[in-house]
């Protein structure tokens, strides 16, 4: 008989760190608000949530790695907003910030909810941070809890 691992969104005993980029703070504040609501919906104790601010999305990785390596957190949520401008800087920041977080999750085994918006303009970012498209902060927080729960099921065999 096969063994099936089911997604569980409840995680009252989980410890979660949130790392938020200050750049485009109007957007990232909305993402943070959504992430906190998402963690509350998952039943997390507010005392088990840590929040750290970094200058921008490129700095998310170093702090996410520090949280992951600390052994104190079961999951991490990273929030940022990279909005296309007139130069190629957008492509570098969007690619490098997301790639570093994927690498950290794989290297450490700590799930990272990827809440970095990559949009063409502020209007798109607003839509994805509590507007008509939802709140990707909320989504990334719930995803982090779900993956942490799956890892617990799998490693607890």
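In the numbering used here, the protein residues as written are 120 to 276.
Beta carbons: idealized from backbone N, C-alpha and C, even for Gly.
The structure displayed is predicted, hence computed values, not measured ones.
Whether residue 163 touches residue 133 by CB criterion (9 Å)
Yes, Cβ-Cβ distance for residue 163 and residue 133 is below 9 Å.
Here's the rule: buried if 16 or more other CB atoms are within 10 angstroms of the residue's CB, otherwise exposed. What is residue 120?
Classification of residue 120: exposed, given that the 10 Å Cβ count is below 16.
Once DSSP output is grouped into helix, strand and coil, what is the label at residue 252?
Correct three-state label for residue 252: coil.
Please return the same chain residues whose Cβ sits closer than 6 Å to the Cβ of residue 186, not counting the five positions on each side in sequence.
Annotation for residue 186: 136, 192, 195 place their beta carbon closer than 6 Å to its own, counting only its chain and skipping 5 residues before and after.
According to DSSP, what are the bridge partners of residue 196?
137, 232, per the DSSP bridge assignment.
On the DSSP bridge list, what partners appear for residue 329?
Absent from the structure is residue 329, since the part of the chain shown begins at 120 and ends at 276.
Residue nearest to residue 237 in terms of C-alpha spacing, selected from 146, 274, 172, 130
It is 146 whose Cα lies nearest to the Cα of residue 237.
Taking DSSP's pairing of strands, which residues face residue 201 in a bridge?
Answer is 237, bridged to residue 201.
In whole angstroms, what is the alpha-carbon distance linking residue 274 and residue 222?
Across the structure, residue 274 and residue 222 are spaced so that their CA atoms are roughly 20 Å apart.
Have a look at residue 144 and residue 211 and give me their C-alpha separation to the nearest angstrom.
Between the alpha carbons of residue 144 and residue 211 lies a distance of about 20 Å.
Do you know offhand how far residue 157's Cα is from residue 208's?
Whole-angstrom Cα-Cα distance: 31 Å.
Considering only DSSP beta bridges, list what residue 264 is partnered with.
Paired residue(s): none; residue 264 is not in a bridge.
Cβ-heavy atom distance between residue 201 and the ligand COA below 8 Å?
Summarising the ligand content, the structure contains no ligands, and the ligand COA is consequently not present.
Buried/exposed call for residue 128, threshold 16 Cβ in 10 Å
It is exposed - the Cβ of residue 128 has fewer than 16 other Cβ atoms within 10 Å.
Measuring CA to CA, which of 225, 200, 252, 230 is closest to residue 239?
Among 225, 200, 252, 230, the Cα nearest to that of residue 239 belongs to 200.
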